[in-house]
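Engineer:
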Amino acid sequence: MSKQQPEFNNTEDEQVLAHLYQQRKRQHKAPNEQQAILMARLEQLSRGPKYVKWPNVRYYTSIAASVFAIALMVIVFSLPNSQHSVQKYSQSFVSVELHVLEDENFSPRQYASNNNYREVLYNQAKQDYLASQQQQLTRRLVYAKVLDSDTGLALLTCNNELLQISHSVVDKVLVNRNKSPITFSQGQVFELTLNNQGNIIDIEAKRTDKICS
Amino acid sequence: MLSIFPAFSKLQGREITIEEAIHRYVVKRDKRAFDRIYQSYANDLFHFVCSMTNEAMAADVTQKAWLKLLESPNSFQINTNLKAWLFKVARNLLIDELRKSNRLTEQQSEQAGDIDSEQVASVDDQLEVFNRALLALSFEQREAFCLQQDGFSLHDIARMTQTNQETIKTRLRYAKKRLKSALEPSNE
């Protein structure tokens, strides 16, 4: 054979090589476990969602808005009343002292001079001020007997009106007055001090139960 | 190789063609279609990779190539050659593996030594001689020869190996020369 570049036009040689190559291929087949692995993976993939959908923004927004509204309502309705107030309070205990001027319409012509007029206005203003201060200082005492103290304090007044006060309000009143905690027992009589706005400002146990006579 | 879906490969009395199977798999992820594809190409693919490296690596590389088809079927363009796609994916994966283990340059620089003619004369098994001669070829020559034997055109081989057809022709020429000379009985 020539040592120059050989020509492979010999189809027999080509056929021999091809034949040997195919024979070799039969000795090296793909492992059986590979097929099983791939089919298992294909099965796994086919079980999953075929398409990945983008989340419905409108749907999730409406859900979020509903949850927020519900949460807001729950928070609003569960907020405790921060005032020291009686849950049920009778109108008969409200005491409002009003200072009404006998004559509100006065004519400047009644006064001889401007000085007199200014003096009248001053006196009027002073009286109004004193009246407002008087209102602030007005207090009312209420006597009531304990009916129940399990879930708050339920009291029956002398006028057979039911008062319900939460334990937290009672505790706050006592703290404000620097008093020790009280143990409530059924039938025990208490004196409640209310300001003109109806807020409890003091509570004190009474030894006698014959207050309402 | 056993088919998991022997009965389902046939549709209305005829076996689906490989082109139909490819289309069905890529579009509908049809399991039977995949089985058909696997049966058609798995052995060729494994043998090609096995000719380029050891069996263990070949199993790993081919499995990864198939998994790529399973998990990203859209990465293959319908109406193109799926076999070429698989071989190219496997080849690239193999090169990555060989680079990781620093064995790529070793493979590429391996030159075929002349098979001792006296040795050949004593070996009766022509296939065994052929196997040894094939593995003694350089990486590029072996690759070109195997791909041609697997039915790829010069154009396909050039694309898959990212080189030109003239280079492929040269590689083929020398590969066949070495194989032929290994198979020839010694002339005394």
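Going down the list, the protein sequences come from chains L and X. Mapping of the first sequence onto our numbering: position 26 corresponds to residue 26, and the numbering continues sequentially without gaps. Mapping of the second sequence onto our numbering: position 12 corresponds to residue 1012, and the numbering continues sequentially without gaps. The C-beta atom is built at its ideal place from N, Cα and C for all residues, glycine as well.
Under DSSP, the alpha helix (DSSP H) around Thr208(L) begins and ends at which residues?
Structural biologist: Taken as a continuous stretch (DSSP letters only), Thr208(L) belongs to no alpha helix (DSSP H), as it is neither H nor E.
Engineer: State the beta-bridge partners of Gln164(L) as determined by DSSP.
Structural biologist: DSSP output for Gln164(L) lists Ala154(L) as bridge partner(s).
Engineer: Can you determine whether any heavy atom of the ligand HEM sits closer than 7 Å to the C-beta of Leu1134(X), and answer yes or no?
Structural biologist: Because no ligand of any kind appears in the structure shown, any question about the ligand HEM cannot be addressed here.
Engineer: Let me see if you follow: with CB-CB separation under 8 Å, is Ser62(L) close to chain X or not?
Structural biologist: So, not an interface residue.
Engineer: DSSP three-state call for Glu1020(X): helix, strand or coil?
Structural biologist: Of the three classes helix, strand and coil, the one that applies to Glu1020(X) here is helix, per DSSP.
Engineer: Compare the beta carbon distance of Ala1090(X) and Val1061(X) with 8 Å and say whether it is the shorter of the two.
Structural biologist: Yes; because the gap between Cβ atoms is below 8 Å, this pair is in contact.
Engineer: At the 8 Å Cβ level, is Tyr21(L) part of the contact set with chain X, yes or no?
Structural biologist: Closer than 8 Å: yes.
Engineer: Would you list the one or two residues that DSSP bridges to Ile200(L)?
Structural biologist: Bridge partners of Ile200(L): Leu194(L).
Engineer: Whose Cβ in chain X lies nearer than 7 Å to the Cβ of Pro31(L)?
Structural biologist: Result: Ala1059.
Engineer: What's the gap between the Cα of Tyr122(L) and the Cα of Ile203(L)?
Structural biologist: Their Cα atoms are separated by approximately 40 Å.
Engineer: Tell me which same chain residues have a C-beta within less than 7 Å of the C-beta of Gln91(L), skipping the five on either side of it?
Structural biologist: Confidence is the limiting factor: at Gln91(L) the pLDDT is only 48, short of 50, which leaves the residue's position unreliable, though a coordinate-based value still follows. Answer for Gln91(L): no residue qualifies.
Engineer: Exposed or buried, what is Phe77(L) when buried is set at 16 or more other beta-carbons lying within 10 Å of its beta-carbon?
Structural biologist: Under this definition Phe77(L) is an exposed residue.
Engineer: At a Cβ threshold of 8 Å, is Pro1006(X) touching chain L?
Structural biologist: Because the pLDDT at Pro1006(X) is just 49, under 50, the model does not fix this residue reliably, and the value given afterwards should be weighed accordingly. Pro1006(X) does not count as touching chain L.
Engineer: Can you list the residues of chain L that Asn1043(X) reaches, using a CB-CB cut of under 9 Å?
Structural biologist: Within 9 Å Cβ-Cβ: Lys25, Arg26, His28, Lys29 and Ala30.
Engineer: Residues of chain X with CB closer than 7 Å to the CB of Arg41(L), please, in chain order.
Structural biologist: Result: Leu1067 and Leu1070.
Engineer: How about Phe1087(X) and Leu1147(X): are their beta carbons less than 8 Å apart?
Structural biologist: Yes.
Engineer: Contact between the region 168 to 179 of chain L and the region 1014 to 1023 of chain X: three or more CB pairs below 8 Å?
Structural biologist: Segments in contact, no.
Engineer: Pull up the distance between the alpha-carbon of Val170(L) and that of Val120(L), whole angstroms please.
Structural biologist: Each residue's alpha carbon lies about 46 Å from the other.
Engineer: Starting from Asp1060(X), trace the alpha helix (DSSP H) in both directions and tell me its first and last residue.
Structural biologist: It spans Glu1055 to Glu1071 - the alpha helix (DSSP H) in which Asp1060(X) sits, taken as one unbroken run.
Engineer: Is the beta carbon of Arg1142(X) closer than 8 Å to that of Met1052(X)?
Structural biologist: Cβ atoms of Met1052(X) and Arg1142(X): closer than 8 Å.
Engineer: Are the beta-carbon atoms belonging to Ile1022(X) and Leu1082(X) less than 8 Å from one another?
Structural biologist: Going by C-beta atoms, Ile1022(X) is nearer than 8 Å to Leu1082(X).
Engineer: Does Gln215(L) get closer than 8 Å to chain X when you measure Cβ to Cβ?
Structural biologist: With chain L covering 1 to 213 only, the question about residue 215(L) has no answer from this structure.
Engineer: Taking Cβ positions only, does Leu38(L) come closer than 8 Å to chain X?
Structural biologist: It does: the Cβ of Leu38(L) has a partner Cβ on chain X nearer than 8 Å.
Engineer: Mind checking the region 1013 to 1030 of chain X against chain L and listing, in chain order, the residues whose C-beta falls within less than 9 Å of any C-beta there?
Structural biologist: Residues passing the 9 Å Cβ filter: Arg1029.
Engineer: Going by beta-carbon coordinates alone, are Gln188(L) and Val146(L) separated by less than 8 Å?
Structural biologist: Yes, the Cβ-Cβ distance between Gln188(L) and Val146(L) is below 8 Å.
Engineer: Using a threshold of 8 Å, state whether the C-beta atoms of Ala18(L) and Gln1149(X) are closer than that.
Structural biologist: Contact flag set, yes.
Engineer: When you compare the CB of Leu1127(X) with every CB in chain L, is at least one pair closer than 8 Å?
Structural biologist: Yes, contact with chain L.
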